[in-house]
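Numbering (our numbering), first residue to last: 3 to 242.
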């Protein structure tokens with residue numbers, strides 16, 4: 003419960019700061035610093051803590067986003083009630099999530115951890131639920147016929163995460179079309195584009211020179227299976 007509260011509070015802080023770069027870097031450092039819970043180079047690493055973080059990470063992000071929507075809705079409803087007579091109306095603002103930066107600590111850990119069991123565990127807890135939820139949101143079929151993530155503790159409801167994720171602002175994976183004025187106040191990215199970017203990030207980290215060979219094979223296998231499952235056009239991948 004203590005770890006859940008810490009993760010949830012960290013996400014709420016980053017939301018309050020509108021995912022300020024310094025704030026996000028500080029939180030990422032806490033997770034990945036030497037001897038941190040997601041430090042792959044720590045010979046005395048406690049894998050159970052990394053696994054617990056992976057199990058609750060996306061779920062707590064969903065909770066933090068839902069809580070922020072409730073507070074924002076109440077605030078703007080009150081403001082608009084007061085200001086309707088003067089024709090001044092506030093538009094509700096909800097901070098978007100730089101989803102690639104959010105999962106970056108787990109990408110780095112998956113690439114370099116010496117514990118072979120860690121990569122499949124991260125896939126089941128973080129990468130699979132996220133890509134499966136994105137695939138479901140992308141489907142053109144009626145909701146009742148859409149593919150659903152496998153039932154179980156590793157497949158939380160991520161509907162708000164998907165609805166508020168963006169690729170327009172990322173410290174680790176800046177978009178090719180980004181500009182100096184790119185902010186987190188733009189529209190959310192399409193689920194299909196987010197899924198493609200997440201798989202591209204997995205492909206990229208698998209191809210890095212410091213990635214362990216066993217981990218590389220697992221990451222590439224996951225990418226290949228997810229690409230085939232989502233019928234993503236592999237000719238669109240940029241090798242750079």
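Every residue gets a Cβ at the ideal spot worked out from N, C-alpha and C, and that includes glycine.
Using alpha carbons as the reference points, say which of the options lies closest to residue i.
i	options	result
residue 65	170, 203, 8, 230	8
residue 23	230, 104, 220, 200	104
residue 70	214, 25, 14	14
residue 193	141, 119, 114, 16	141
residue 120	97, 177, 218	218
residue 209	167, 114, 3	114
residue 216	191, 199, 112	112
residue 275	176, 116, 3	Past the boundaries of the shown model lies residue 275; the chain is included only from 3 to 242, so the question cannot be answered.
residue 118	49, 27, 203	49
Hey, residue i and residue j are a contact pair by Cβ (cut 8 Å); roughly how many whole angstroms apart?
i	j	result
residue 161	residue 102	Contact flag wrong, Cβ pair sits at about 19 Å.
residue 174	residue 106	5 Å
Short of 8 Å in beta carbon distance, which residues of its chain neighbour residue i, apart from the five on each side in sequence? Order them along the chain.
i	result
residue 54	5
residue 108	40, 56, 59, 124, 128, 129
residue 110	34, 40, 42, 207
residue 51	5, 39
residue 164	135, 136, 139, 193, 196
residue 27	173
Between which residues of its own chain and residue i is the CB-CB distance below 6 Å, once the five residues before and five after are set aside?
i	result
residue 68	162
residue 12	29
residue 44	37
residue 25	16, 19
residue 205	225
Leaving out five residues on either side along the sequence, give the residues of the same chain with a beta carbon under 7 Å from the beta carbon of residue i.
i	result
residue 158	60, 61, 64, 131
residue 32	38
residue 10	62, 65, 66
residue 3	none
residue 203	102, 109, 175
Exposed or buried, what is residue i when buried is set at 16 or more other beta-carbons lying within 10 Å of its beta-carbon?
i	result
residue 19	exposed
residue 133	buried
residue 198	buried
residue 237	Confidence is the limiting factor: at residue 237 the pLDDT is only 44, short of 50, which leaves the residue's position unreliable, though a coordinate-based value still follows. When all chains shown are included, residue 237 counts as exposed.
If you check the beta carbons only, do residue i and residue j fall under 8 Å apart?
i	j	result
residue 220	residue 122	yes
residue 223	residue 201	no
residue 195	residue 137	no
residue 191	residue 169	yes
residue 211	residue 98	no
When you measure from the CB of residue i to every non-hydrogen atom of the ligand GDP, does any distance come out below 7 Å?
i	result
residue 172	As presented, the structure is devoid of all ligands, the ligand GDP included, so that no description of it is given.
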